[in-house]
Amino acid sequence: MSIRINQEKCIGCGRCEGVCPGTLICLEKKSDGTKKAKMLYLRDCWGCVSCVKECPRQAIEFFLGADIGGRGSTMTVTNEKDILHWNINKFDGTKTVIDVNRKNANKY
Ligand code: SF4
Ligand code: SF4
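Here it is as structure tokens:
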């Protein structure tokens, strides 16, 4: 599993559904009338993190793989104008934020 959707944080905006290149996420109508994002095919997710970057509520967590020492660490993304904040919640409870300016990313 690459991602986990926090149902409490999800506001049902549908952005994740729209950006997933694999059409792996859909909105599900709940009994109270609200809509929440639901992962349809967990095993098909290849971890592109498009949905993580798009979510305005940091409701989607990406699990960092064992190959980079993840050990249960997760990541969410916060947008602030041209800056992407990659919020890493480490397995030991500590947090790290890596800021990337979109304008300078993929420059080379
Ligand atoms: S990480 Fe990429 S492939 Fe996986 S659910 Fe999100 S958008 Fe789809
Ligand atoms: S982008 Fe985030 S808030 Fe919007 S539907 Fe998806 S998980 Fe919910």
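Residue 41 is where the sequence shown starts when you use this note's numbering, and the numbers rise one by one after that.
Every residue, glycine too, gets a C-beta built ideally from N, C-alpha and C.
(Q) Going by C-alpha to C-alpha distance, which of N119, D132, G133 sits closest to V140? (A) N119
**Q.** P96 beta carbon near ligand 2 (any heavy atom closer than 7 Å)
**A.** yes
Q | Beta-carbon proximity list for T74, same chain, < 7 Å, skipping 5 on both sides | A | G52
Q.
Using the three-state DSSP reduction, which class does K69 fall into: helix, strand or coil?
A. Of the three classes helix, strand and coil, the one that applies to K69 here is strand, per DSSP.
Q) Taking the alpha helix (DSSP H) that R55 falls in, what are its first and last residues? A) 55-59
Q | Environment of A145 [buried if 16+ CB atoms lie within 10 Å] | A | It counts as exposed.
Q | Coil, strand or helix - E48 by DSSP | A | coil
**Q.** Span separating the alpha-carbon of Y81 from that of G58
**A.** 15 Å
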